[in-house]
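S.K.: Plus 168 on top of the position in the sequence shown (first one is 1) and you've got our numbering.
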Amino acid sequence: MLEHALHAYLRALIGSRAVRVGPFLVSLDDHDAGLFRNYAIPDDGAEPTPDQVAELVAVFTNRARTPRLEYLPGLCPKVEPGLIAAGFVPERRLPVMSCDPAVVKAPPVPDGIGLRLASSDLQLRQVAEAQNDAYGQPETTDHDVARLGGTLDGGGLVAVALDISTGGAVGGGLCAPPHSGVSELAAIGVRSPYRGRGIAAGLTSLLTRACAAVDITTPFLTPAGEAEDRIYRSVGYRPASAMLHISLPHSPG
169 MLEHALHAYL
179 RALIGSRAVR
189 VGPFLVSLDD
199 HDAGLFRNYA
209 IPDDGAEPTP
219 DQVAELVAVF
229 TNRARTPRLE
239 YLPGLCPKVE
249 PGLIAAGFVP
259 ERRLPVMSCD
269 PAVVKAPPVP
279 DGIGLRLASS
289 DLQLRQVAEA
299 QNDAYGQPET
309 TDHDVARLGG
319 TLDGGGLVAV
329 ALDISTGGAV
339 GGGLCAPPHS
349 GVSELAAIGV
359 RSPYRGRGIA
369 AGLTSLLTRA
379 CAAVDITTPF
389 LTPAGEAEDR
399 IYRSVGYRPA
409 SAMLHISLPH
419 SPG
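1. For a quick check, are the C-beta atoms of residue 412 and residue 258 less than 8 Å apart?
2. Return the chain-ordered list of same chain residues with a C-beta closer than 7 Å to the C-beta of residue 260, the five sequence neighbours on each side being excluded.
3. Going by CA-CA distance only, name the one from 403, 405, 328 that's closest to residue 283.
4. Pull up the distance between the alpha-carbon of residue 178 and that of residue 333, whole angstroms please.
5. One question on the structure: do residue 355 and residue 242 come within less than 8 Å of each other, judged by their Cβ atoms?
6. Mapping the DSSP letters down to three states, classify residue 331 as helix, strand or coil.
7. Excluding five sequence neighbours on each side, which residues of the same chain lie with their C-beta closer than 6 Å to the C-beta of residue 353?
8. Considering residue 274, what are the terminal residues of the alpha helix (DSSP H) in which it resides?
9. What does a CB cutoff of less than 6 Å around residue 399 pick up in its chain, not counting 5 residues either side in sequence?
10. To the nearest angstrom, how far is the alpha carbon of residue 392 from that of residue 220?
11. Could you please give me the residues that DSSP links to residue 357 through a beta bridge?
12. Would you grab the beta carbon distance between residue 325 and residue 338 for me? Rounded to a whole angstrom, and I think it's under 8 Å.
13. Between residue 196 and residue 171, what straight-line distance do the alpha-carbon atoms span, to the nearest angstrom?
14. Tell me the DSSP secondary structure of residue 404 in three-state form.
15. Select from 254, 223, 378 the residue whose C-alpha is nearest the C-alpha of residue 286.
16. Please classify residue 206 as buried or exposed, where buried requires at least 16 neighbouring CB atoms within 10 angstroms.
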């Protein structure tokens, strides 16, 4: 079942950062307190007790992180009521979309833009800078670049969009290291002056078409809104499940 494979992938992605707390697997990033770097995933079929939820909260707050979960609620429907009873508030419910790499569409490349897979340290830094600018992060660090390098080392993919006239990166994205053929296509970001030209769709298509070469059979993604949903549908992605993001307000993070 696809949902079980997605949960298994999300747990594998945590890797060496994993902290086990009752029926939860927790990911904590020592370098970045951002919400999307620190989260927990419940076991399939989990039924956490109030004490286990309290222990989970303590693990986050002791590390100055916001208690937060990202998971597929259909696999463990009794988790959300227990979290809400402890004060957690749903942030958003996102569709999970997937596409067969063999049938992904290849839209026309925008004029003046070059799309390619990134491999060199220079390209990875360009991608990190473009992504951070697109997502409102003021600074690019060596850790950002190393994280992208780790994506490649783990068997994933990184793509960059370049302004041909300047050679500068205007966007980027990645497919995370796969687990049993499953990989998340994520962090598609385009600098503001270049948006609305089809660059995000081009990056998505390029990454998806390249999946077969690195044994990714099931790429998936979670669009943040209707505009992103339209972009991903335009190259062939379709809804396959749903993901819940839920956190405890007024906690360190």
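Built from N, CA and C at the ideal position, the CB exists for glycine as well. Note that the structure is a prediction, hence the values are computed from the model and not measured.
M.R.: Looking at the atomic coordinates:
1. Closer than 8 Å, so yes.
2. Only residues of its own chain outside the window of five on either side were considered, and among them 413 have a CB closer than 7 Å to the CB of residue 260, listed in chain order.
3. Considering only alpha carbons, the answer is 328.
4. When rounded, the distance between both Cα atoms is 39 Å.
5. For residue 355 and residue 242, no; Cβs fall outside 8 Å.
6. In this structure, residue 331 counts as strand in the three-state DSSP scheme.
7. Listed in chain order, the non-local C-beta contacts of residue 353 below 6 Å within the same chain comprise 343, 375, 387, 389, local neighbours out to five positions each way being set aside.
8. Premise fails: residue 274 is in no alpha helix (DSSP H) and is neither H nor E.
9. Closer than 6 Å at Cβ, skipping near neighbours: 368, 369.
10. Looking at the two C-alpha atoms, the distance is approximately 30 Å.
11. Its beta-bridge partners are 340.
12. Between residue 338 and residue 325 the Cβ distance is about 18 Å, and since that is not below 8 Å, they are no contact.
13. So the two alpha carbons sit approximately 23 Å from each other.
14. Note: residue 404 maps to coil in three-state DSSP.
15. Distance check between residue 286 and each of 254, 223, 378 places 378 closest, using alpha-carbon atoms only.
16. Around the beta-carbon of residue 206, 16 or more other beta-carbon atoms lie within 10 Å, marking it buried.
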